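In my numbering, the protein residues as written are 641 to 919. Each residue gets a CB set at the ideal place from its N, CA and C atoms; glycine is no exception. Computed from a predicted model, the values in this text were never measured in an experiment. Working notes for the structure below.
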(Lines of atoms letter the chains of each structure in order from A and count residues from 1; the text may use other names and numbers.)
(Lines give C-alpha, C1' and ligand atoms only; values in the text may rest on other atoms or scores of the structure.)
Protein backbone atom coordinates (compact mmCIF):
# COMPACT_ATOMS: atom_id res chain seq x y z
CA UNK A 1 0.00 0.00 0.00
CA UNK A 2 1.00 3.63 -0.39
CA UNK A 3 2.53 5.26 2.68
CA UNK A 4 -0.57 7.34 3.40
CA UNK A 5 -2.70 4.20 3.38
CA UNK A 6 -0.62 2.51 6.07
CA UNK A 7 -1.88 5.04 8.62
CA UNK A 8 -5.21 3.21 8.34
CA UNK A 9 -3.55 0.23 10.02
CA UNK A 10 -2.18 2.52 12.73
CA UNK A 11 -5.66 3.68 13.65
CA UNK A 12 -6.93 0.10 13.49
CA UNK A 13 -4.28 -0.89 16.04
CA UNK A 14 -5.54 1.85 18.35
CA UNK A 15 -9.10 0.50 17.96
CA UNK A 16 -7.84 -2.96 18.85
CA UNK A 17 -6.29 -1.71 22.08
CA UNK A 18 -9.48 0.10 23.05
CA UNK A 19 -11.60 -2.95 22.24
CA UNK A 20 -9.49 -5.08 24.58
CA UNK A 21 -10.00 -2.82 27.61
CA UNK A 22 -12.35 -3.94 30.37
CA UNK A 23 -14.15 -0.60 30.02
CA UNK A 24 -13.98 -0.44 26.21
CA UNK A 25 -15.95 2.33 24.51
CA UNK A 26 -16.67 0.02 21.58
CA UNK A 27 -15.91 -3.49 20.42
CA UNK A 28 -14.10 -3.90 17.11
CA UNK A 29 -13.38 -7.62 16.77
CA UNK A 30 -11.79 -7.07 13.37
CA UNK A 31 -9.37 -4.29 14.34
CA UNK A 32 -6.42 -6.49 15.26
CA UNK A 33 -6.83 -8.44 12.02
CA UNK A 34 -6.79 -5.41 9.73
CA UNK A 35 -4.08 -3.65 11.76
CA UNK A 36 -1.68 -6.56 11.25
CA UNK A 37 1.92 -6.15 12.41
CA UNK A 38 2.29 -2.89 10.47
CA UNK A 39 -0.40 -1.17 12.51
CA UNK A 40 1.16 -1.98 15.87
CA UNK A 41 4.62 -0.98 14.67
CA UNK A 42 3.21 2.40 13.62
CA UNK A 43 1.25 2.72 16.84
CA UNK A 44 4.52 2.57 18.74
CA UNK A 45 6.23 4.91 16.28
CA UNK A 46 3.45 7.51 16.48
CA UNK A 47 2.93 7.25 20.25
CA UNK A 48 2.44 10.38 22.33
CA UNK A 49 0.50 13.65 22.12
CA UNK A 50 -2.74 11.97 23.17
CA UNK A 51 -3.12 10.07 19.91
CA UNK A 52 -4.47 6.83 21.37
CA UNK A 53 -7.20 8.40 23.57
CA UNK A 54 -8.13 10.74 20.72
CA UNK A 55 -8.54 7.85 18.29
CA UNK A 56 -10.78 6.05 20.79
CA UNK A 57 -12.91 9.17 21.29
CA UNK A 58 -13.14 9.86 17.57
CA UNK A 59 -14.24 6.31 16.87
CA UNK A 60 -16.89 6.41 19.59
CA UNK A 61 -18.18 9.84 18.56
CA UNK A 62 -18.54 8.84 14.91
CA UNK A 63 -20.02 5.45 15.81
CA UNK A 64 -22.77 7.26 17.68
CA UNK A 65 -23.22 9.86 14.94
CA UNK A 66 -23.57 7.18 12.27
CA UNK A 67 -26.01 4.98 14.24
CA UNK A 68 -28.11 7.99 15.30
CA UNK A 69 -28.25 9.51 11.83
CA UNK A 70 -29.27 6.32 10.07
CA UNK A 71 -31.90 5.53 12.72
CA UNK A 72 -33.39 9.00 13.08
CA UNK A 73 -33.09 10.33 9.54
CA UNK A 74 -33.93 7.15 7.64
CA UNK A 75 -30.82 7.52 5.50
CA UNK A 76 -29.93 4.32 3.67
CA UNK A 77 -26.78 5.42 1.82
CA UNK A 78 -23.59 5.82 3.86
CA UNK A 79 -20.30 6.81 2.21
CA UNK A 80 -16.98 6.52 4.03
CA UNK A 81 -14.37 8.68 2.30
CA UNK A 82 -10.81 7.39 2.67
CA UNK A 83 -12.41 4.47 4.51
CA UNK A 84 -9.08 2.85 5.27
CA UNK A 85 -9.41 -0.13 7.58
CA UNK A 86 -12.77 0.99 8.95
CA UNK A 87 -14.95 -1.97 9.97
CA UNK A 88 -18.23 -0.24 10.82
CA UNK A 89 -20.04 -2.15 8.07
CA UNK A 90 -19.37 -5.34 10.02
CA UNK A 91 -19.70 -4.16 13.61
CA UNK A 92 -22.40 -1.46 13.83
CA UNK A 93 -26.12 -2.27 14.22
CA UNK A 94 -27.35 -1.22 10.78
CA UNK A 95 -31.04 -1.40 9.89
CA UNK A 96 -31.99 -3.52 6.91
CA UNK A 97 -31.58 -1.88 3.54
CA UNK A 98 -28.46 0.18 4.22
CA UNK A 99 -25.79 0.32 1.54
CA UNK A 100 -22.29 1.26 2.65
CA UNK A 101 -19.79 2.63 0.13
CA UNK A 102 -16.12 2.60 1.10
CA UNK A 103 -13.96 4.93 -0.98
CA UNK A 104 -10.19 4.60 -0.96
CA UNK A 105 -7.15 3.82 -3.06
CA UNK A 106 -7.16 0.53 -5.00
CA UNK A 107 -4.22 -1.05 -3.15
CA UNK A 108 -5.78 -0.38 0.25
CA UNK A 109 -9.16 -1.80 -0.73
CA UNK A 110 -7.48 -4.91 -2.13
CA UNK A 111 -5.43 -5.39 1.05
CA UNK A 112 -8.54 -4.94 3.19
CA UNK A 113 -10.45 -7.54 1.22
CA UNK A 114 -7.65 -10.04 1.78
CA UNK A 115 -7.44 -9.33 5.50
CA UNK A 116 -11.21 -9.64 5.96
CA UNK A 117 -11.67 -12.60 3.63
CA UNK A 118 -12.77 -14.83 6.53
CA UNK A 119 -14.99 -12.26 8.23
CA UNK A 120 -18.67 -13.05 8.56
CA UNK A 121 -20.74 -11.10 6.05
CA UNK A 122 -23.71 -9.50 7.85
CA UNK A 123 -27.16 -9.91 6.33
CA UNK A 124 -29.58 -7.13 5.45
CA UNK A 125 -26.93 -4.70 4.24
CA UNK A 126 -24.58 -4.19 1.30
CA UNK A 127 -21.03 -2.94 1.04
CA UNK A 128 -19.25 -1.67 -2.06
CA UNK A 129 -15.57 -0.80 -2.21
CA UNK A 130 -14.99 2.01 -4.70
CA UNK A 131 -11.41 2.61 -5.82
CA UNK A 132 -10.86 6.36 -6.29
CA UNK A 133 -8.41 9.21 -5.87
CA UNK A 134 -10.28 11.78 -3.79
CA UNK A 135 -8.11 14.61 -5.11
CA UNK A 136 -9.55 13.96 -8.59
CA UNK A 137 -13.11 13.52 -9.91
CA UNK A 138 -14.62 10.50 -8.18
CA UNK A 139 -18.41 10.92 -8.13
CA UNK A 140 -18.76 9.05 -11.42
CA UNK A 141 -17.23 5.89 -9.95
CA UNK A 142 -19.50 6.20 -6.92
CA UNK A 143 -22.59 6.46 -9.11
CA UNK A 144 -21.45 3.42 -11.10
CA UNK A 145 -21.30 1.50 -7.81
CA UNK A 146 -24.98 2.27 -7.20
CA UNK A 147 -25.02 5.51 -5.19
CA UNK A 148 -28.02 7.73 -5.95
CA UNK A 149 -27.35 11.45 -5.85
CA UNK A 150 -31.07 12.25 -5.58
CA UNK A 151 -31.43 10.43 -2.24
CA UNK A 152 -30.10 11.59 1.16
CA UNK A 153 -26.64 10.37 2.07
CA UNK A 154 -24.49 10.28 5.17
CA UNK A 155 -20.91 11.23 4.35
CA UNK A 156 -18.20 10.25 6.86
CA UNK A 157 -14.84 12.02 6.54
CA UNK A 158 -12.70 10.52 9.29
CA UNK A 159 -8.97 11.07 9.63
CA UNK A 160 -8.62 12.57 6.16
CA UNK A 161 -8.78 16.36 6.02
CA UNK A 162 -5.47 17.08 7.77
CA UNK A 163 -3.60 15.08 5.10
CA UNK A 164 -4.85 17.38 2.31
CA UNK A 165 -3.81 20.90 1.28
CA UNK A 166 -6.40 23.57 2.04
CA UNK A 167 -7.78 23.93 -1.47
CA UNK A 168 -8.25 20.17 -1.75
CA UNK A 169 -10.13 20.21 1.58
CA UNK A 170 -12.44 22.95 0.38
CA UNK A 171 -12.95 21.29 -2.99
CA UNK A 172 -13.81 17.97 -1.35
CA UNK A 173 -16.27 19.40 1.18
CA UNK A 174 -17.85 21.51 -1.55
CA UNK A 175 -18.20 18.45 -3.77
CA UNK A 176 -19.98 16.63 -0.97
CA UNK A 177 -22.51 19.41 -0.41
CA UNK A 178 -22.94 19.96 -4.15
CA UNK A 179 -23.79 16.30 -4.72
CA UNK A 180 -26.09 15.86 -1.72
CA UNK A 181 -29.86 15.59 -1.72
CA UNK A 182 -31.93 17.37 0.97
CA UNK A 183 -31.68 15.58 4.30
CA UNK A 184 -28.03 14.61 3.82
CA UNK A 185 -25.55 14.69 6.71
CA UNK A 186 -21.78 15.08 7.02
CA UNK A 187 -19.75 13.81 10.00
CA UNK A 188 -16.01 13.89 10.51
CA UNK A 189 -13.04 15.56 12.13
CA UNK A 190 -10.49 18.30 11.53
CA UNK A 191 -7.64 19.86 13.51
CA UNK A 192 -6.49 23.39 14.24
CA UNK A 193 -3.52 25.07 12.57
CA UNK A 194 -1.89 25.24 15.99
CA UNK A 195 -1.92 21.44 16.08
CA UNK A 196 0.44 21.46 13.10
CA UNK A 197 2.97 23.42 15.16
CA UNK A 198 2.45 21.83 18.58
CA UNK A 199 5.91 21.35 20.17
CA UNK A 200 4.58 18.42 22.21
CA UNK A 201 3.74 16.68 18.92
CA UNK A 202 7.04 17.43 17.19
CA UNK A 203 8.27 13.82 17.28
CA UNK A 204 4.91 12.50 16.09
CA UNK A 205 4.59 15.05 13.28
CA UNK A 206 8.19 14.48 12.18
CA UNK A 207 7.59 10.74 12.00
CA UNK A 208 4.53 11.31 9.82
CA UNK A 209 6.57 13.50 7.46
CA UNK A 210 9.39 10.97 7.30
CA UNK A 211 6.90 8.25 6.45
CA UNK A 212 5.40 10.30 3.62
CA UNK A 213 2.20 11.22 5.50
CA UNK A 214 2.59 14.88 6.51
CA UNK A 215 -0.27 16.74 8.11
CA UNK A 216 -0.98 19.73 5.87
CA UNK A 217 -4.22 21.40 6.92
CA UNK A 218 -5.80 22.81 10.04
CA UNK A 219 -8.25 25.57 10.84
CA UNK A 220 -9.06 27.60 13.93
CA UNK A 221 -12.58 28.20 12.56
CA UNK A 222 -14.12 24.86 11.61
CA UNK A 223 -17.61 26.36 11.67
CA UNK A 224 -16.69 28.91 9.00
CA UNK A 225 -14.89 26.29 6.90
CA UNK A 226 -17.96 24.06 6.86
CA UNK A 227 -20.35 26.93 6.13
CA UNK A 228 -18.10 28.15 3.31
CA UNK A 229 -18.27 24.66 1.80
CA UNK A 230 -22.05 24.44 1.90
CA UNK A 231 -22.74 22.76 5.25
CA UNK A 232 -24.68 23.84 8.34
CA UNK A 233 -22.83 22.67 11.48
CA UNK A 234 -25.16 20.98 13.97
CA UNK A 235 -22.44 20.40 16.54
CA UNK A 236 -18.69 20.81 16.83
CA UNK A 237 -16.98 19.23 19.83
CA UNK A 238 -13.45 19.14 21.13
CA UNK A 239 -12.28 15.93 22.84
CA UNK A 240 -13.01 16.31 26.53
CA UNK A 241 -16.14 18.38 26.02
CA UNK A 242 -19.59 17.00 26.76
CA UNK A 243 -20.52 14.57 24.02
CA UNK A 244 -16.88 13.97 23.09
CA UNK A 245 -15.23 12.81 26.29
CA UNK A 246 -16.42 9.29 27.19
CA UNK A 247 -14.01 9.26 30.12
CA UNK A 248 -10.96 9.00 27.89
CA UNK A 249 -9.58 12.53 27.42
CA UNK A 250 -6.72 13.07 29.91
CA UNK A 251 -6.15 16.81 29.38
CA UNK A 252 -8.01 20.01 30.31
CA UNK A 253 -10.04 21.55 27.50
CA UNK A 254 -9.05 25.14 26.73
CA UNK A 255 -11.75 27.63 25.82
CA UNK A 256 -12.02 28.41 22.14
CA UNK A 257 -11.18 32.01 23.08
CA UNK A 258 -7.63 31.00 23.98
CA UNK A 259 -5.44 31.42 20.90
CA UNK A 260 -2.63 29.15 19.79
CA UNK A 261 -3.94 25.97 21.43
CA UNK A 262 -3.63 22.72 19.45
CA UNK A 263 -7.12 21.31 19.03
CA UNK A 264 -9.07 18.56 17.36
CA UNK A 265 -12.68 19.06 16.33
CA UNK A 266 -15.39 16.45 15.82
CA UNK A 267 -18.38 17.63 13.82
CA UNK A 268 -21.81 16.72 12.54
CA UNK A 269 -23.40 18.88 9.85
CA UNK A 270 -26.64 19.07 7.89
CA UNK A 271 -27.21 20.18 4.34
CA UNK A 272 -28.89 23.60 4.51
CA UNK A 273 -32.34 23.96 3.02
CA UNK A 274 -33.04 26.48 0.30
CA UNK A 275 -34.13 28.91 3.01
CA UNK A 276 -30.70 28.59 4.69
CA UNK A 277 -31.77 26.44 7.62
CA UNK A 278 -30.61 22.92 8.41
CA UNK A 279 -32.65 20.16 6.85
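- Taking each of 780, 722, 817, 685 in turn and checking the Cα distance to residue 792, the smallest one comes out for 817.
- Within the same chain, Cβ atoms closer than 8 Å to the Cβ of residue 653 are found at 671, 672, 675, 679, 680, 682, 683, the five residues on either side in sequence being excluded.
- Here residue 739 is bridged, per DSSP, to 717, 766.
- With 16 or more neighbouring CB atoms inside 10 Å of its own CB, residue 647 falls in the buried class.
- In summary, residue 878 is buried, with 16 or more beta-carbon neighbours lying within 10 Å of its beta-carbon over all protein chains present.
- Close CB contacts of residue 727 within its chain, under the 7 Å cut and outside five residues either way in sequence, are with 668, 670, 671, 674 (chain order).
- Judged by beta-carbon spacing, residue 692 lies beyond the 8 Å limit of residue 710, meaning their Cβ atoms are not closer than that value.
- Rounded to whole angstroms, the Cβ separation of residue 685 and residue 847 is 5 Å, and the two are in contact under 8 Å.
- With respect to residue 800, residue 722 sits close: the two C-beta atoms are nearer than 8 Å.
- Of all C-beta pairs linking the region 904 to 913 to the region 817 to 833, three or more are shorter than 8 Å, placing the two stretches in contact.
- Around residue 772, the same chain offers 743, 778, 781 as residues with beta carbons nearer than 7 Å, after the five sequence neighbours per side are excluded.
- For residue 829, DSSP records a beta bridge to 906.
- Here residue 813 is not near residue 856, since their CB atoms are 8 Å or more apart.
- Your pair residue 884 and residue 906 checks out as a contact, with CB atoms roughly 5 Å apart and the cut at 8 Å.
- Residue state for residue 804 is assigned as coil, using DSSP reduced to three classes.
- In the displayed model, residue 795 falls within a strand according to three-state DSSP.
- Rounded to the nearest whole angstrom, the CA to CA distance from residue 881 to residue 899 is 18 Å.
- About 19 Å separates the CB atoms of residue 867 and residue 796; that is not less than 8 Å, and the two are not in contact.
- Among the bridge pairs identified by DSSP, residue 872 is matched with 910.
- With a beta-carbon spacing of about 20 Å, residue 732 and residue 758 fall beyond the 8 Å limit used to define contacts.
- Comparing C-alpha distances from residue 830 to each of 862, 822, 837, 774 shows the shortest one belongs to 862.
- If you check the CB distance, residue 725 and residue 700 do not come in under 8 Å.
- Apart from sequence neighbours up to five positions away, the residues of its chain that approach residue 718 with a beta-carbon distance below 6 Å are 740, 794, ordered along the chain.
- Contiguous alpha helix (DSSP H) elements confined to the region 683 to 715 occur at 691 to 713, taking only those with 4 or more residues.
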